[in-house]
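> Letter 73 of the sequence shown, counting from 1, is numbered 73 in the UniProt record's numbering, and no numbers are missing.
Structure below; questions to follow.
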Amino acid sequence: MAQVVIWLIAFAAILFLSLKRWPSLSASLDCLLPQAMKTGGNNSVVWSLALAVIGATTLVRPVDVLMTAIVVGILVLVAVKLGGWAMSKVDFH
Numbered sequence: 001m002a003q004v005v006i007w008l009i010a011f012a013a014i015l016f017l018s019l020k021r022w023p024s025l026s027a028s029l030d031c032l033l034p035q036a037m038k039t040g041g042n043n044s045v046v047w048s049l050a051l052a053v054i055g056a057t058t059l060v061r062p063v064d065v066l067m068t069a070i071v072v073g074i075l076v077l078v079a080v081k082l083g084g085w086a087m088s089k090v091d092f093h
């Protein structure tokens with residue numbers, strides 16, 4: 001029960017702060033994201049909700065977030081290596 005309360009408080013605080021400081025946060029996100037994910041439209045609520053969920057979960061369960069990031073990283077590495085191997089086997093001529 002305590003984890004849920006802490007998560008809700010962290011979620012509300014991060015959501016409030018990200019919506020309050022959206023212009024500077026939007027500029028920071030635009031520097032980090034590829035063109036297809038730029039924050040050009042009026043999607044501040046979507047980005048703020050996503051950041052609040054990720055931030056609150058990281059504060060409450062950091063090991064779970066770290067393990068998920070490691071697993072995703074390993075899967076991406078395997079996919080890149082398999083893709084490179086498959087491309088070397090393909091004859092384009």
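For glycine and all other residues, C-beta sits at the position ideal for the given N, C-alpha and C.
1) Check whether the segment 40 to 60 touches the segment 10 to 29, counting contact only when three or more Cβ pairs, one atom from each stretch, lie closer than 8 angstroms.
2) When the Cα of S48 is compared with those of A86, F16, V5 and V4, which residue comes out closest?
3) How many Å lie between C31 and Q3 at the Cα?
4) Quick check: what's the CA-CA separation for K89 versus K81?
5) Leaving out five residues on either side along the sequence, give the residues of the same chain with a beta carbon under 6 angstroms from the beta carbon of K38.
According to the structure data:
1) As far as the Cβ criterion goes, the segment 40 to 60 touches the segment 10 to 29, which means the pair count is three or higher.
2) Start at 1 with the first residue of the sequence shown, and residue 48 comes out as number 48. Looking at the Cα atoms, F16 is the closest of the given residues.
3) Taking the first residue of the sequence shown as position 1, residue 31 is located at position 31. Taking the first residue of the sequence shown as position 1, residue 3 is located at position 3. Each residue's alpha carbon lies about 33 angstroms from the other.
4) Within the sequence shown, the letter at position 89 stands for residue 89. Within the sequence shown, the letter at position 81 stands for residue 81. Computed Cα separation, rounded: 13 angstroms.
5) One-based indexing of the sequence shown puts residue 38 at position 38. Excluding residues within five positions, the ones whose Cβ falls inside 6 angstroms are D30.
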